[in-house]
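Report on the structure given below.
Protein chains in written order, with this note's numbering: chain G, 1 to 478; chain Z, 1001 to 1306.
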């Protein structure tokens, strides 16, 4: 999502790294480019101005310029300032456990993705054990309530849609409906409104006054341009929202708006929403985002998404097999599927340091996994369990079955052998580690093994990468 | 001033904001100095024109100012209007105003495709054309219902299928039905999709291929862009253009304070004409595009006013 900004900043930093000593002029040139990169990323002009002057001032200080690695320090300064800009701590939504119902109200411009975000939020809360109710207060856009109803039906969340055209009344009734149905959270989806539309802003104020929300969230499209500051400032003044949901983060918008909101209104970004699926609402982590913008990789989020898709029982078996230091083609297939669940090779790679560059250069083939799966699916059960039985004539048969050349099958087998070797090596290393840990405390042992398993899983998907990158991943995981 | 009176309030806000900036600039001194150029570039960037477009325009103006010996900032600003108008490409008239045509509206989610499609249907119907609507958005919840409401408002026939069906086949049916009733304007709404989603872009390519193959009239592809979109709008246009070869662009939601500078960048870089401007929620809030008017609305007309 921040790829373009990232590319440009990385270019600037690469240039700086090439220099042993930095002069004030170097900094000035670099900062000028940082400024342009941020502007092209739709960061608000005023924010850019402030950011660049703060960062330049810090970079000009003697301890940066005269240090042994000035370029590194410049990057650190920019990273710090970016994190500052995005807000230093994670912000959560405030739900009061003893209040029924908690009311969350969503506001925003037309087409920013409020209705979709409402459904996603409901899904997220449902997953956390709440009983949300969706209230459809958009009485203007044709079929808006139908949309919410459909989405609610898909995720199994009740939707209240009132009669008539008075959104304030519908909102009130919605909250009452939540009480009647023992729902502990009511999510009020309002109509899209322009911040300059006085009548509509008054309506938003009245809805707010009527339902007394515990949390007002503003949904902002990640693609919004320079106008974002005007928009959020007005909304902030009129309905005083508590936080922001950044929507459409799956596009390639550079998300400069995200950088500007915090700075200009002091309101934190609480969630980022990407994609159409109900589960694609994530808590926003400013520090990780800052690192990601600078191309330092978002390994923590990657690990988290890996953890999410871990299925314990499946894993236990695989870990067992890995412990025997062996790996058959079924495991290989499993791993590939796990990677796909994490968002595919593309997401995996781009979350790694420098990964975005590789993606852009086309070094990573996103469909490699699909082809692998096709080939493995063309094998017999026996062949998958004992890959050693695969001889020349079997290879020819598999190739014909999968509709690929024998070379492709050979390649797969080679990759498999490579991965297997790696796993053996790593398991041996972990075996040693386990023994060391075993002396300290036994209960931890099982857990360690599992973690080892999850590390292993990532190996085959990186088929298109060099060994050096695999090493990097290993380092990052440790 | 006649120019402005006709123009909408939405764009007037843009203009005022820019003029405020410029007035501040001129208050300092009417001289054409470094501060002036920096300030001008700033103001252009604030209109969402993008850093590169802004510096290109400023550079061109600088050249002109030196050549023609402009001393006064006012002279430069009146040249600015022409310079911006020049960035636009002509030729969007044939898409909606010509003989019979089939028009597909494409764009990212929430850019205003369905609303625009509905408004155009109403306008064309009022002009006495035979219009049929096709609901190619079979994905978003309630998109079909939304377009149906518009069809009723415009009093035109609509062709749709249940949610989740193949959009290409809906388009095929729409064209077929259009032929039967003798429609001379077929308007097809498609599902919103992010230009980064390869699968959805391929789906759209297929839809377009089917339409082109079945079409009995020229087919035009129009990208709908939200005016509040920043520099990503250019990226969107690039991707859609390279996948589908667009014929024109419609800018929507110009009634906010959005500057709509992105129109300049898109039209200039991709050589695409601007077909219409959406300036509000009402049925009538769809305006024709005029390059000079747009430029004037973006930066004001310093040569003639005050």
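Note that the Cβ used here is the ideal one computed from N, Cα and C, for glycine as well.
#### Entry: Cβ separation of residue 224 of chain G and residue 1230 of chain Z, assumed to be a contact under 8 Å, to the nearest whole Å
6 Å
### Query
Which word fits residue 182 of chain G, buried or exposed, when buried means at least 16 other C-beta atoms lie within 10 angstroms of its C-beta?
exposed
### Task
Give the interface partners of residue 1226 of chain Z over in chain G, defined as CB-CB distance under 7 Å, in chain order.
111
#### Entry: Contacts that residue 248 of chain G makes with chain Z (C-beta to C-beta distance below 8 Å)
1108, 1109, 1110 and 1194
### Message
Check whether the region 1107–1127 of chain Z and the region 128–136 of chain G are in contact - that is, three or more C-beta pairs closer than 8 Å.
### Response
no
### Task
Following the continuous alpha helix (DSSP H) through residue 1217 of chain Z, name the residue where it begins and the one where it ends.
Here residue 1217 of chain Z belongs to no alpha helix (DSSP H), and DSSP marks it neither H nor E.
#### Entry: Euclidean distance between Cα positions of residue 440 of chain G and residue 425 of chain G
Bear in mind that the predicted position of residue 440 of chain G carries a pLDDT of just 39, short of 50, making it too unreliable to give a figure here.
### Any chain G beta carbon closer than 8 Å to residue 1007 of chain Z
Residue confidence for residue 1007 of chain Z is low, a pLDDT of 43 falling below 50, so the modelled location carries little weight and cannot support an answer.
### Message
For residue 193 of chain G, count the other beta carbons within 10 Å of its own beta carbon; 16 or more makes it buried, fewer makes it exposed. Which is it?
### Response
buried
### Query
Rounded to a whole number of angstroms, what is the C-alpha to C-alpha distance between residue 453 of chain G and residue 100 of chain G?
Residue placement at residue 453 of chain G is flagged as unreliable, the pLDDT there being 39, under the threshold of 50; a coordinate-derived value is accordingly withheld.
### Query
With a Cβ-Cβ cutoff of 8 Å, do residue 232 of chain G and residue 190 of chain G count as a contact?
no
### Task
Look up residue 1287 of chain Z in the DSSP assignment and say whether it is helix, strand or coil.
strand
### Query
Would the beta-carbon of residue 1184 of chain Z fall within 8 Å of that of residue 1136 of chain Z?
no
### Query
Are the region 1063–1075 of chain Z and the region 1146–1161 of chain Z touching, with three or more C-beta to C-beta distances below 8 Å?
no
### Message
Tell me the residue span of the beta strand (DSSP E) that contains residue 102 of chain G.
### Response
102–108
### Task
Can you give me, in chain order, the residues of the region 1221–1251 of chain Z that have a beta carbon less than 9 Å from any beta carbon in chain G?
1226, 1227, 1228, 1229, 1230, 1231, 1232, 1233, 1235, 1236 and 1239
### Task
Tell me where the alpha helix (DSSP H) around residue 1045 of chain Z begins and ends.
1034–1046
### Task
Kindly say whether residue 143 of chain G, judged by its beta-carbon, lies nearer than 8 Å to any beta-carbon of chain Z.
yes
### Query
Between the region 45–62 of chain G and chain Z, which residues of the former have CB atoms less than 7 Å from a CB of the latter, in chain order?
45
### Query
Which same chain residues, not among the five before or five after residue 184 of chain G, have their C-beta less than 7 Å away from its C-beta?
100, 101, 102, 130 and 131
### Task
Find the nearest neighbour of residue 16 of chain G within the set G:37, G:69 and G:146, judged by alpha-carbon distance.
G:69
### Task
Kindly list, in the order they appear in chain G, the residues whose Cβ is closer than 8 Å to that of residue 1266 of chain Z.
By Cβ distance, chain G contributes nothing, its closest Cβ being about 12 Å from residue 1266 of chain Z, past 8 Å.
### Query
How would you call residue 267 of chain G, buried or exposed, if buried means at least 16 neighbouring beta carbons within 10 angstroms?
buried
### Query
Can you give the Cα-Cα distance for residue 1081 of chain Z and residue 1296 of chain Z, rounded to whole angstroms?
6 Å
### Query
Between residue 261 of chain G and residue 244 of chain G, is the Cβ-Cβ spacing less than 8 Å?
yes
### Task
Using three-state DSSP, classify residue 335 of chain G as helix, strand or coil.
helix
#### Entry: Beta-carbon neighbours of residue 151 of chain G, restricted to chain Z and to distances below 7 Å
1141
### Task
Could you have a look at residue 1197 of chain Z and say whether DSSP puts it in helix, strand or coil?
coil
#### Entry: residue 328 of chain G, DSSP secondary structure in three states
coil
### Task
Might you give, ordered along the chain, the residues of its own chain that have their beta carbon closer than 7 Å to the beta carbon of residue 397 of chain G, omitting 5 neighbours on each side?
none
### Message
By the DSSP assignment, the alpha helix (DSSP H) with residue 70 of chain G in it spans what residues?
### Response
70–86
#### Entry: Whole-angstrom distance between residue 246 of chain G and residue 273 of chain G, CA atom to CA atom
6 Å
### Task
Let me know the secondary structure DSSP gives residue 1109 of chain Z once reduced to three states.
coil
### Proximal chain Z residues relative to residue 40 of chain G, where beta-carbon distance stays under 8 Å
1050, 1051, 1052 and 1231
### Task
Answer yes or no: do residue 13 of chain G and residue 57 of chain G have a C-beta to C-beta separation smaller than 8 Å?
no
### Task
Could you check the C-alpha separation between residue 1046 of chain Z and residue 1274 of chain Z for me, to the nearest Å?
21 Å
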